[in-house]
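**Student:** In this text, residue positions in the sequence shown follow UniProt numbering: the first is 1, and each later residue adds one.
Pasting a structure below so you can have a look.
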Amino acid sequence: MLKQSIKLANSRFTIASQTNSKIGVSLRLASSQRNFIFKAIQFHQLQQQRGYADTNKPAGDFKSPQEKEAEQFKAYMEQEEIKRKGSKFGKYLQYSVLGLIGVFSLLAIFQPWHSYSDDAAKSLRKGLWAESEKENDYMKALQNYQEALQHCKEEGMSQLDPRYTGIVLKIGEMYEKLQMYDEQKKTYTGLSKFLFGKLVNDQVPDEWKDIVLQRDLIVMNRIITLTLEKGSGESKSNANIDRLMKELLDRIRFAEGRVKREWPMLADVHANDEKELDITQVIAMKTKAQKKKFVEENLPKETVKFIESWTTSWPAFTPELISSRDLYATLAMFLNKNELAVNILKSNILWMKLSGCEPIFIGTAISNLASAYYLNMEKHEVISTQINFRIKHLLEKSFKKEQYRQEEVVKWRRILEVENNIIESSSKQSESVYKALIDLLGDVKKIDPKDELAISCVAMSNFGLGVVYLHRGDYEQSSVYLNNAKKIGSEFGLPQLVEKSTYEIEKLRIQKLKLNSTIDEKTSKKISL
Numbered sequence: 001m002l003k004q005s006i007k008l009a010n011s012r013f014t015i016a017s018q019t020n021s022k023i024g025v026s027l028r029l030a031s032s033q034r035n036f037i038f039k040a041i042q043f044h045q046l047q048q049q050r051g052y053a054d055t056n057k058p059a060g061d062f063k064s065p066q067e068k069e070a071e072q073f074k075a076y077m078e079q080e081e082i083k084r085k086g087s088k089f090g091k092y093l094q095y096s097v098l099g100l101i102g103v104f105s106l107l108a109i110f111q112p113w114h115s116y117s118d119d120a121a122k123s124l125r126k127g128l129w130a131e132s133e134k135e136n137d138y139m140k141a142l143q144n145y146q147e148a149l150q151h152c153k154e155e156g157m158s159q160l161d162p163r164y165t166g167i168v169l170k171i172g173e174m175y176e177k178l179q180m181y182d183e184q185k186k187t188y189t190g191l192s193k194f195l196f197g198k199l200v201n202d203q204v205p206d207e208w209k210d211i212v213l214q215r216d217l218i219v220m221n222r223i224i225t226l227t228l229e230k231g232s233g234e235s236k237s238n239a240n241i242d243r244l245m246k247e248l249l250d251r252i253r254f255a256e257g258r259v260k261r262e263w264p265m266l267a268d269v270h271a272n273d274e275k276e277l278d279i280t281q282v283i284a285m286k287t288k289a290q291k292k293k294f295v296e297e298n299l300p301k302e303t304v305k306f307i308e309s310w311t312t313s314w315p316a317f318t319p320e321l322i323s324s325r326d327l328y329a330t331l332a333m334f335l336n337k338n339e340l341a342v343n344i345l346k347s348n349i350l351w352m353k354l355s356g357c358e359p360i361f362i363g364t365a366i367s368n369l370a371s372a373y374y375l376n377m378e379k380h381e382v383i384s385t386q387i388n389f390r391i392k393h394l395l396e397k398s399f400k401k402e403q404y405r406q407e408e409v410v411k412w413r414r415i416l417e418v419e420n421n422i423i424e425s426s427s428k429q430s431e432s433v434y435k436a437l438i439d440l441l442g443d444v445k446k447i448d449p450k451d452e453l454a455i456s457c458v459a460m461s462n463f464g465l466g467v468v469y470l471h472r473g474d475y476e477q478s479s480v481y482l483n484n485a486k487k488i489g490s491e492f493g494l495p496q497l498v499e500k501s502t503y504e505i506e507k508l509r510i511q512k513l514k515l516n517s518t519i520d521e522k523t524s525k526k527i528s529l
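This is the structure in structure tokens:
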């Protein structure tokens, strides 16, 4: 779980302060780490707004809360159609509302089949109609939802009731559409503090706990994306990002604590302790047979029994927990906490593969993992350089006690060996993960041209491999992958990728010239001798 991942990441030996290393692999598409984080956050939000989980249904009997609500909503509207048969307005309303299901799948806020009072239900229906394509009047919709909330207050409805919090979230959504970001942030912040406070103090009825936790995770995600997209310069500072990460981590830990209590067989969904999880093996799982084989060979018996049971029911907040951890990993990469990001992303990919629940495109998570490995390599290269300077200084400096010098040199050389092992391992892992992603998604020519996410991931994987090989000095392999990336970018309208690939190809050309020049110079010296 995340707590174990943090412990593992923090146990690594680190030296010196954080260094702003070069942006590597997929991160190189941004002009800086700061630009990358905002692009990544927007991408993270875009995937959820598109209702990715709804168009990529989980395997087995697992259904996300959004899917269940959509099905219930459809059944409800069919019944309403029977009641309103012959009414043109009724038909228009049905078509409009059903069309909204996909648009608002992330925040499946309130459901008319719940037992709202007549007054509240009337205001909610007016709100739905006002924000539909028929009217597109978000201010009117906002007023309708505020009226509905007032009716609920007057009726004494609990503020923890999913019906109540659903309307509050809908109000926040209208603020966003009206670009009233201060009001939106105030609404979300107030709701988040209220919900999480009640959860922590065990003041939420058992039957509401999972949905309250689910909504609190949604709100915290929205607060972070809103702060980074629309906040002032100070709100985008490292210090504020670190603060937001801590708040998000509190909620992730709480959710994982609930998993441990209520679903103990899922509390440690990792490979057996005697061997490290081979994430490429997880990525390669495409068929039920491959999944079954992996599960039986790598997971504890109770976990195997749970996953293979046809009655399996994962926690209702699974999609939100996965999305929150993905966002946390993205923020961790921004703050150069790459080992932490690696462990979270590996765990997340495993959860998505086992549950069949993909609230984010799994290709993006895999690409981010490869990037995190590469960034980790660069981070430790900086550390390695510093250690080499330290050793050189020790060898050049005079000491009264020669034994002290020798002991220090031996100590730092051991540390250097550890760092070099991390560098080599991270480079190899980045390479293998990128290749596994290409194998998973297949040839770009066979991908549906409309599947922009898959095409982008294949393109980025080629670019990432080109950069990895360039870094190693394998110019032949680097040239192949960088030119592949440039070609894909040109064919599918990815100008940033074309630009970055062109830049790396030119860098490759210069490095090859320097290498050939050095070889010629050495050859000339040998001949002269």
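Ideal Cβ positions, reconstructed from N, Cα and C, are used throughout, including at glycine.
If you follow the alpha helix (DSSP H) that Lys-246 is part of, which residue opens it and which one closes it?
**Tutor:** Residues 238-262.
**Student:** Could you tell me the distance, in whole angstroms, from the CA atom of Val-409 to the CA atom of His-393?
**Tutor:** Computed Cα separation, rounded: 10 Å.
**Student:** Whole angstroms are fine: how far does the CA of Val-382 sit from the CA of Lys-401?
**Tutor:** Rounded to the nearest angstrom, the two C-alpha atoms are 30 Å apart.
**Student:** Can you give, in chain order, each stretch of the beta strand (DSSP E) that sits fully within the segment 293-378 and has at least 3 residues?
**Tutor:** Runs found: none.
**Student:** With a Cβ-Cβ cutoff of 8 Å, do Leu-508 and Ser-478 count as a contact?
**Tutor:** Result yes, Cβ atoms of Leu-508 and Ser-478 sit closer than 8 Å.
**Student:** Shortest alpha-carbon distance to Gln-146 belongs to which of Gly-156, Lys-170, Lys-134?
**Tutor:** When each option's Cα is compared against that of Gln-146, the closest is Lys-170.
**Student:** Terminal residues of the continuous alpha helix (DSSP H) containing Asn-136?
**Tutor:** Here Asn-136 belongs to no alpha helix (DSSP H), and DSSP marks it neither H nor E.
**Student:** When you measure from the CB of Ser-425 to every non-hydrogen atom of the ligand COA, does any distance come out below 7 Å?
**Tutor:** Ligands displayed in this structure: none; no statement on the ligand COA is therefore possible.
**Student:** Could you tell me the distance, in whole angstroms, from the CA atom of Ser-123 to the CA atom of Gly-156?
**Tutor:** Near 17 Å, if we compare the C-alpha coordinates of Gly-156 and Ser-123.
**Student:** One question on the structure: do Ser-426 and Asn-368 come within less than 8 Å of each other, judged by their Cβ atoms?
**Tutor:** No. Outside cutoff.
**Student:** Work out the CA separation of Val-444 and Ala-255 for me, nearest whole Å.
**Tutor:** Spanning the two alpha carbons is a distance of roughly 38 Å.
**Student:** Taking C-alpha atoms, which residue in Asp-118, Glu-131, Ser-371 lies nearest to Val-468?
**Tutor:** The option with the nearest alpha carbon to Val-468 is Ser-371.
**Student:** Let me know the secondary structure DSSP gives Lys-450 once reduced to three states.
**Tutor:** The answer is coil: DSSP assigns Lys-450 none of H, G, I, E or B.
**Student:** Could you work out which residue in Lys-185, Val-168, Val-212, Asn-484 is closest to Phe-196 when comparing CA atoms only?
**Tutor:** Of the listed residues, the one whose Cα sits closest to Phe-196 is Val-212.
**Student:** Below 8 Å on the Cβ atoms is my guess for Ile-252 versus Leu-321; work out the distance and round it to an integer in Å.
**Tutor:** 7 Å between Cβ atoms; contact.
**Student:** Is DSSP giving Lys-514 helix, strand or coil here?
**Tutor:** Lys-514: helix per DSSP, three-state reduction.
**Student:** Please report how far the alpha carbon of Ile-6 lies from the alpha carbon of Asp-137, in whole angstroms.
**Tutor:** At Ile-6, the pLDDT of 30 sits below 50, so the modelled position is not reliable and the matter cannot be decided from this model.
**Student:** Can you check the segment 423-509 for any alpha helix (DSSP H) of at least 4 residues that lies completely inside it and give the ranges in chain order?
**Tutor:** Within the segment 423-509, the complete alpha helix (DSSP H) runs of at least 4 residues are 452-472, 475-491.
**Student:** Between the C-alpha atoms of Thr-303 and Lys-291, what's the straight-line distance to the nearest angstrom?
**Tutor:** Taking the straight line joining both Cα atoms gives about 13 Å.
**Student:** For the alpha helix (DSSP H) that contains Lys-193, what are its first and last residues?
**Tutor:** Its alpha helix (DSSP H) spans residues 181-200.
**Student:** Would you check if there are 3 or more beta carbon pairs closer than 8 Å linking the segment 175-189 to the segment 198-205?
**Tutor:** Segments in contact, no.
**Student:** Go to Leu-226, then tell me how far its alpha helix (DSSP H) extends in each direction, as first and last residue.
**Tutor:** That run of the alpha helix (DSSP H) goes 206-230.
**Student:** Starting from Glu-234, follow the alpha helix (DSSP H) in both directions and report where the run begins and ends.
**Tutor:** Element bounds for Glu-234: n/a, residue is neither H nor E.
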